[in-house]
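Asks:
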Amino acid sequence: MAKEKKRGFFSWLGFGKEEEKQQPEQQPEEAALAQAESDAAHTVEVTEQVAEAQREAHAADEPAAEAHSEEAYVEEAHIEEATVTDQPVAEAPAVVEPEAEAIIRQEHDAEIIAPLEEIVPEEEPTLAPQPVEEEILPETLPEEEQPLDDEELAALALAEAPQDDTAQAIAAEDEPQDTVSDLPLAAAPIVSQEQERPTKEGFFARLKRSLVKTRQNLGSGFISLFRGKKIDDDLFEELEEQLLIADVGVETTRRIITNLTQQANRKQLRDAEALYGLLKAEMSGILAKVDAPLDVSGKTPFVILMVGVNGVGKTTTIGKLARQYQAQGKSVMLAAGDTFRAAAVEQLQVWGERNHIPVVAQHTGADSASVIFDAIQAAKARGVDVLIADTAGRLQNKSHLMEELKKITRVMKKLDVEAPHEVMLTLDASTGQNAISQAKLFHEAVGLTGITLTKLDGTAKGGVIFSVADQFGIPIRYIGVGEGIEDLRPFKAEDFIEALFARED
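The UniProt record's numbering puts the first residue of the sequence shown at 1, with every later residue one more than the last.
1) Buried or exposed for Thr317, going by 16 or more other Cβ atoms inside 10 Å?
2) Let's test the definition: count the other Cβ atoms within 10 Å of the Cβ of Pro475 and tell me whether it reaches 16, buried, or not, exposed.
3) Going by C-alpha distance, which of Lys461, Ile357, Asn265, Ile408 is nearest Ala327?
4) Evaluate the contact criterion for the region 433 to 442 versus the region 255 to 273: three or more CB pairs, one atom per stretch, below 8 Å.
5) Which residue marks the beginning of the beta strand (DSSP E) containing Gly450, and which one marks its end?
6) For Gln324, which residues from the same chain have a beta carbon less than 8 Å from its beta carbon, with the 5 sequence-adjacent residues on both sides left out?
7) Using beta-carbon positions only, say whether Thr364 and Val345 come within less than 8 Å of one another.
8) From the DSSP output, in three-state form, read off His78 for me.
9) Just how far apart, CA to CA, sit Ser399 and Leu405?
10) Determine the closest residue to Ala429 out of Val359, Ala361, Ile451, Leu279, with distance taken between C-alpha atoms.
11) Here's a check: name, in chain order, each residue in its chain whose Cβ is nearer than 7 Å to the Cβ of Ala288, leaving out the five neighbours to either side.
12) For Val46, which three-state DSSP category applies?
13) Would you mind reading off the limits of the alpha helix (DSSP H) that contains Ala272?
14) Tell me which same chain residues have a C-beta within less than 6 Å of the C-beta of Ala361, skipping the five on either side of it?
15) Touching or not, the region 383 to 391 and the region 292 to 305, by the rule of three or more beta carbon pairs under 8 Å?
16) For Arg215, list the residues DSSP reports as bridge partners.
17) When the Cα atoms are used, what is the spatial distance from Gln242 to Gly463?
18) Going by beta carbon distance, what residues of the same chain come within less than 6 Å of Ala378, once the five residues before and after it are set aside?
19) If you run the structure through DSSP and keep just helix, strand and coil, what is Leu395?
20) In the region 293 to 343, which residue ranges form an unbroken alpha helix (DSSP H) of at least 4 residues, counting only runs that do not cross its ends?
21) Does Asp39 come out as helix, strand or coil in the three-state DSSP assignment?
22) Tell me, please, which residues DSSP counts as bridged to Asp428.
23) Residues in its own chain within less than 6 Å of His421 by CB, not counting five upstream and five downstream?
24) Going by other Cβ atoms of all chains shown within 10 Å of its Cβ, with 16 needed for buried, is Arg209 buried or exposed?
25) How long is the line joining the alpha carbons of Ile231 and Leu211, rounded to whole angstroms?
26) What's the C-alpha gap between Gly249 and Asn310?
27) Does the beta-carbon distance from Thr454 to Gly480 come in below 8 Å?
28) Just reading off the beta strand (DSSP E) that Val386 is part of, what are its end residues?
29) Take the Cβ of Asp234 as the centre, count every other Cβ of all protein chains shown within 10 Å, and call the residue buried at 16 or more, exposed below.
30) Keeping to the same chain, check which residues put their C-beta closer than 7 Å to that of Leu294; ignore five residues upstream and five downstream.
31) Is the CB-CB distance between Gly308 and Thr426 below 8 Å?
32) With a CB to CB cut of under 6 Å and the five nearest residues on each side skipped, what residues in its chain are close to Thr199?
33) Give me the Cα-Cα distance between Gly277 and Glu483, rounded to the nearest whole angstrom.
34) Look at the alpha carbon of Asp86 and the alpha carbon of Gln35, and state the distance between them as a whole number of angstroms.
35) Looking at Arg341: is its Cβ nearer than 8 Å to the Cβ of Gly393?
36) According to DSSP, is Lys461 helix, strand or coil?
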């Protein structure tokens, strides 16, 4: 009784109402959960019905839609399907909002959110896009087989245009590749023919080609001078002027004109073209006196002393001569007697390494006579056939340098009384009449026995060969008409005259 009295007292104060409130509050919570689950199930059913209705409506509208490509149509279907699936998900929370707001105010928020999250994954399996593709593809294929309207053809043309452009671009890229690949095949035989041409061309053809500049003033250059003219004093004056321009020399030119005048009077020549043949014979006779090839046999070693001024090509001529003698089966040795010029010793050593020829050398600045003396001793010890000795270039008017050449010859005679067996002067054809001065002073100093005339291919002053041959009578051993080893050949007067007087094609 006391408890009831107390309860009645507390109920009067209002404390007993808390227990009564808790029981009614638990009942609305359970009802709200049940109501949320039922609404979610109803929402899923509504969503499925809406999706099926839209698919049917979309399939019914397809015949009336404009024709597009299959890929674009499928992509639009995916987009529409995605919008359909998004709408129910957005509507689901709208249905639950009134009840959720009432429940969120209470303490059990997590219990209500969990069912909402479970609703979303249940919708995904029902909205797979694959069945849509299976339904659309069979319907679109028959439509493409049906005749197309103008608008549909234009749409297809726009869709296929990029493919045509890419095909044309690929074809354009393939065509240059074919042409490029064909070029080397077509060009290969042409290159081989150009390489074989120098081998087919003989020495006379190269000689004729190298004397083009000299031939403008001599030889065939006289044809225009004699053509259609009478033999008189004016003709001989023009001929004399032409010979002087070609560096034949004053004395040699006067001798040629005098002989031609006597023969023309004796034979009573009136036609100037007949005088052309006499001029050719006269100049051929001058060179015939100096046509004497060098014979290196009979002496072991056969010593050749190369002399000349600076830059005429002595060292290069030595290398070419050594290669030619080696090709004839003779053993060759080189002596680097040019100890004054920088890198002269190294230059000769390079020639020796190329041709596998031994080179006797000392340091730069050594005594040239001692180098050649050692070379003769080595050549005798090894039984070498030909020894070619180089010397420093010197001007013919430097007396002390010319005395050095005399010293070299004296030292050589200590080992071999007949040495040097050949004193060869190298002349540059482009020097013109200065070659006469060189030949004169070198001949007085050491007694020349042979001459090599180089660089005939690059000058119009090749007429100096007639002046040297006429004044000194020193044999012309070799002529150089190019840079190659085969372009240094023994001099033959007949071939030289024929190449000089050859009529141009």
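Yeah, the Cβ is synthetic: ideal placement off N, Cα and C, and Gly gets one too.
Replies: Based on what the coordinates show:
1) Buried, because 16 or more other Cβ atoms sit within 10 Å of the Cβ of Thr317.
2) Its Cβ being crowded by 16 or more others within 10 Å, Pro475 is buried.
3) If we check each option's Cα against that of Ala327, Ile357 comes out closest.
4) Verdict: no, contact absent.
5) First-last of the beta strand (DSSP E) with Gly450: 450 to 454.
6) Within the same chain, Gln324 has close Cβ partners Ile485, Leu488.
7) Their beta carbons are under 8 Å apart, which means Thr364 touches Val345 by this criterion.
8) For His78, the pLDDT reaches just 49, beneath the cut-off of 50, and the residue's location in the model is therefore unreliable, although a value from the coordinates is still provided. Looking at His78 - three-state DSSP - the assignment turns out to be helix.
9) Ser399 and Leu405 have their C-alpha atoms roughly 10 Å apart.
10) Measuring from the Cα of Ala429, the nearest candidate turns out to be Ile451.
11) Excluding its 5 nearest sequence neighbours in each direction, Ala288 has C-beta neighbours in its own chain below 7 Å: Ala493, listed in chain order.
12) Here Val46 sits in helix by DSSP.
13) It spans 272 to 288 - the alpha helix (DSSP H) in which Ala272 sits, taken as one unbroken run.
14) Within the same chain, Ala361 has close Cβ partners Ala336, Val345.
15) Enough Cβ pairs lie closer than 8 Å, so yes.
16) Paired residues: none, contrary to the question.
17) Each residue's Cα considered, the two are about 11 Å apart.
18) Excluding the 5 residues flanking it on each side, Ala378 has same chain C-beta neighbours closer than 6 Å at Val360, in chain order.
19) Residue state, collapsed to three classes: coil.
20) Counting whole runs of 4 or more residues, the region 293 to 343 contains the alpha helix (DSSP H) stretches 314 to 327.
21) Correct three-state label for Asp39: helix.
22) For Asp428, which the question treats as bridged, DSSP gives the partners Thr454.
23) Listed in chain order, the non-local C-beta contacts of His421 below 6 Å within the same chain comprise Lys299, Phe302, Val303, local neighbours out to five positions each way being set aside.
24) Exposed, by the Cβ-count rule.
25) Those two C-alpha atoms are separated by around 28 Å.
26) Each residue's Cα considered, the two are about 23 Å apart.
27) Contact: yes.
28) That run of the beta strand (DSSP E) goes 386 to 389.
29) By the 16-neighbour rule on beta-carbons within 10 angstroms, Asp234 is exposed.
30) Excluding residues within five positions, the ones whose Cβ falls inside 7 Å are Glu422, Gly450, Arg477.
31) Taking the C-beta atoms as reference points, Thr426 is found nearer than 8 Å to Gly308.
32) Interpretation of Thr199 is limited by its pLDDT of 48, a score under 50 that renders its predicted location unreliable; the figure taken from the coordinates is listed afterwards. Setting aside the 5 residues that flank it on each side, Thr199 has no residue in the same chain whose C-beta is closer than 6 Å to its C-beta.
33) Approximately 33 Å, taken between the alpha carbons.
34) Here the model assigns Asp86 a pLDDT of 44, short of 50, so the residue's position is not dependable, and the following value carries that caveat. Rounded to the nearest angstrom, the two C-alpha atoms are 24 Å apart.
35) Going by C-beta atoms, Arg341 is nearer than 8 Å to Gly393.
36) In the structure shown, Lys461 sits in coil (DSSP, three-state: anything other than H, G, I, E or B).
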